[in-house]
Amino acid sequence: MVKVSRRKILLVYSAAFIFLLLYILSFNLLSGSREHKKHYQDIQLLHEADISTIDRLIIQNESSAILLERQNNMWLAAYNFDFENTIPADTGQLQKLFVNLCTKHKMAKAGSKNDAADYGLDQNQVTAISLYKNGQEYQHLFFGKNDFSQTGRYFTTNELNSVFLFDSSFDNYLSVSPQSWCDPYI
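The opening position of the sequence shown corresponds to residue 39 in the working numbering, with each subsequent residue numbered one higher.
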């Protein structure tokens, strides 16, 4: 039988304790600089007071667009700016969009606007929501591709200098399909 001395056992236990301690500390102290960690901030894209003054929305991607316009207190939808064929818009869907715009969302800085194509924010991949207030351009929101975990979407505006990772709560409103925006009970 192999005889193990107390000294060797103590040495093995000491080494195991040191490795365990370093493993635990690696999650907090040795994980790199704090600059690389994501700092989330809350953002509200639209103030509640502005909802009543929004009179036009344009949702467009590289191939098509849907125009939603308020006329005489009624929302009308036109696919690909075909003004001859407007139909009533789904006010329930619009109301959900406005509530989502007024809700605070978490976002984290993902990168520079110079690398927008890497985030799906170039003209071939971006989906833009343009808001018009009292007939004037008010805000443009640009949504790119999803992140690798499919839980967030890259986002920027004209005013922002960076690309941000935004929650995926706008995915339901990025469709330019008339079926998504037109009143189903016509």
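We put the beta carbon where it would ideally sit given N, CA and C, even for glycine.
Keep in mind it's a predicted model, so treat the numbers as computed, not measured.
Alpha-carbon to alpha-carbon, residue j and residue i
{"i": "H143", "j": "L84", "result": "11 angstroms"}
{"i": "L169", "j": "E107", "result": "10 angstroms"}
{"i": "E122", "j": "L132", "result": "22 angstroms"}
{"i": "I56", "j": "G190", "result": "39 angstroms"}
{"i": "Q82", "j": "C140", "result": "6 angstroms"}
{"i": "N210", "j": "Y51", "result": "56 angstroms"}
{"i": "F193", "j": "V201", "result": "6 angstroms"}
{"i": "A54", "j": "Y61", "result": "10 angstroms"}
{"i": "A155", "j": "D205", "result": "19 angstroms"}
{"i": "S150", "j": "E197", "result": "13 angstroms"}
{"i": "R94", "j": "Q79", "result": "28 angstroms"}
{"i": "P126", "j": "D153", "result": "39 angstroms"}
{"i": "L48", "j": "F186", "result": "46 angstroms"}
{"i": "K171", "j": "L59", "result": "59 angstroms"}
Short Cβ contact (8 angstroms threshold) for residue i with residue j
{"i": "Q163", "j": "K147", "result": "no"}
{"i": "F180", "j": "T195", "result": "yes"}
{"i": "V214", "j": "S102", "result": "yes"}
{"i": "I89", "j": "F136", "result": "yes"}
{"i": "N110", "j": "T165", "result": "no"}
Reduced DSSP category for residue i - H, G, I as helix; E, B as strand; rest coil
{"i": "E73", "result": "Note that E73 has pLDDT 47, beneath the 50 cutoff, so the model's placement of it is unreliable and the number below is only indicative. E73: helix per DSSP, three-state reduction."}
{"i": "T129", "result": "helix"}
{"i": "E86", "result": "helix"}
{"i": "T124", "result": "coil"}
{"i": "D153", "result": "helix"}
{"i": "V137", "result": "helix"}
{"i": "L212", "result": "coil"}
{"i": "Q163", "result": "coil"}
{"i": "L48", "result": "helix"}
{"i": "S101", "result": "coil"}
{"i": "F186", "result": "coil"}
Rounded distance between the beta-carbons of residue j and residue i, thought under 8 angstroms
{"i": "M112", "j": "L203", "result": "At roughly 37 angstroms, the Cβ-Cβ gap does not stay under 8 angstroms, so M112 and L203 are not in contact."}
{"i": "N118", "j": "F208", "result": "The pair is not a contact, with the Cβ atoms about 21 angstroms apart (cut-off 8 angstroms)."}
{"i": "T124", "j": "A116", "result": "5 angstroms"}
{"i": "L105", "j": "I92", "result": "With a Cβ gap of about 13 angstroms, L105 and I92 do not count as contacting."}
Within-8 angstroms CB hit, residue i to chain C
{"i": "L60", "result": "Of the protein chains in this structure there is only one, and it is not chain C."}
Touching by the beta-carbon criterion (3+ pairs, under 8 angstroms), the stretch 206 to 222 and the stretch 149 to 161: no
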